[in-house]
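Residue numbers (my numbering): 1 to 306. The C-beta atom is built at its ideal place from N, Cα and C for all residues, glycine as well. Nothing here was measured: the structure is a model prediction, and the numbers come from that model.
As structure tokens, then:
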């Protein structure tokens, strides 16, 4: 059943993409902004305030999803719809492809504007290589956050797992910054997101390695990921860069401050065409996961009916 629900969710995402209006995560984001303003007055919220806000935002929805997914009539349809809302493969293409198209026609201003919607770094001064690098990095990292993480937790705990993962991931994207306002308040969201992503990130890295330059990807994962600031983004992007045989990482400007990031991958500097290759890697990874789910389901069925 899980494989069929995953296939249904991926098909809905491919055909419909994310809702342009009334997206549930957009409503959740507005609620999170409202609650943060009340729990984090003047940016002085303690870790406990952030943890309490996180619990209020996540626990009721996850509990309701856990109950509804067990209902015999609507449970399957509800689960497929929740997973459809939780994954963002179509959205990843919709954001990254215009950047590649702008680079192909030499419109650097449009490319910068497009990538600014995908990353938190400053993009105004990026050259074509910098835009390509930022976009490829975002595609690889969001392959885990917007696709494989949700699939993993759906397999583990159904709709409740996928929903809980996506809500925590959204709060981390909103509150997980190491700025004075969020350093303490966003601590719980950041740490819980790290924990929820530990297994999916490594499975994502393995998927990238299997679908690209496998030996190089595994070597980059082993040698380069430990130097990356994020314990989960490191394996994902190191393996992805190795699989694509491109060089990522390096200096980037965040909130007006330049950060020197470790090098990832090996090979040529990324170009606009590498954005399509990164998207293809994520897309084929999703199909690989679906094939594994289907094979596991058939194996279980065979054992039960032997």
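Among the options, which one has its Cα closest to the Cα of residue i?
| i | options | result |
| --- | --- | --- |
| residue 16 | 81, 282 and 101 | 81 |
| residue 245 | 230, 7, 252 and 270 | 270 |
| residue 140 | 119, 157, 302 and 152 | 119 |
| residue 153 | 259, 289, 138 and 226 | 289 |
| residue 238 | 212, 258, 259 and 253 | 212 |
| residue 142 | 128, 163 and 86 | 86 |
| residue 171 | 34, 8, 9 and 67 | 34 |
| residue 75 | 61, 134, 111 and 5 | 5 |
| residue 372 | 182, 298 and 291 | Nothing about residue 372 can be read from this structure; the chain reaches only from 1 to 306. |
| residue 124 | 108, 83 and 282 | 108 |
| residue 234 | 214, 215, 194 and 272 | 194 |
| residue 199 | 68, 23, 266 and 144 | 144 |
| residue 158 | 48, 94 and 71 | 71 |
| residue 18 | 94, 137 and 305 | 94 |
| residue 137 | 14, 260 and 236 | 236 |
| residue 7 | 304, 292 and 305 | 292 |
| residue 196 | 216, 151, 215 and 178 | 151 |
| residue 232 | 190, 216, 304 and 215 | 190 |
| residue 10 | 302, 283, 130 and 256 | 283 |
| residue 178 | 41, 23, 77 and 47 | 47 |
With DSSP as the reference, identify every bridge partner of residue i, one or two as the case may be.
| i | result |
| --- | --- |
| residue 259 | 252 |
| residue 225 | According to DSSP, which records beta bridges pairwise, residue 225 is partnered with nothing at all. |
| residue 83 | Partner(s): none; residue 83 has no beta bridge. |
| residue 264 | 248 |
Look at residue i and residue j and say whether their C-beta atoms are less than 8 angstroms apart.
| i | j | result |
| --- | --- | --- |
| residue 50 | residue 187 | yes |
| residue 45 | residue 230 | no |
| residue 146 | residue 91 | yes |
| residue 66 | residue 160 | yes |
| residue 122 | residue 253 | yes |
| residue 156 | residue 192 | no |
| residue 276 | residue 89 | no |
| residue 64 | residue 52 | no |
| residue 218 | residue 225 | no |
| residue 258 | residue 251 | yes |
| residue 174 | residue 32 | yes |
| residue 279 | residue 96 | yes |
| residue 110 | residue 100 | no |
| residue 126 | residue 105 | no |
| residue 2 | residue 297 | yes |
| residue 272 | residue 247 | no |
| residue 27 | residue 180 | no |
To the nearest whole angstrom, what separates the beta carbons of residue i and residue j, a pair I think is in contact under 8 angstroms?
| i | j | result |
| --- | --- | --- |
| residue 274 | residue 116 | No, residue 274 and residue 116 are not in contact; Cβ-Cβ is about 19 angstroms, not under 8 angstroms. |
| residue 262 | residue 249 | 5 angstroms |
| residue 166 | residue 12 | Not really, about 15 angstroms apart at Cβ, beyond 8 angstroms. |
| residue 205 | residue 221 | 5 angstroms |
| residue 164 | residue 62 | 4 angstroms |
| residue 162 | residue 68 | Not really, about 13 angstroms apart at Cβ, beyond 8 angstroms. |
| residue 240 | residue 281 | 7 angstroms |
Start-end ranges of the alpha helix (DSSP H) lying completely within the stretch 124 to 174, minimum 4 residues: 128 to 143
Alpha helix (DSSP H) runs wholly inside the stretch 176 to 239, at least 4 long, in chain order: 187 to 211 and 214 to 224
Whole runs of the beta strand (DSSP E) within the stretch 42 to 93, excluding any shorter than 3 residues: none
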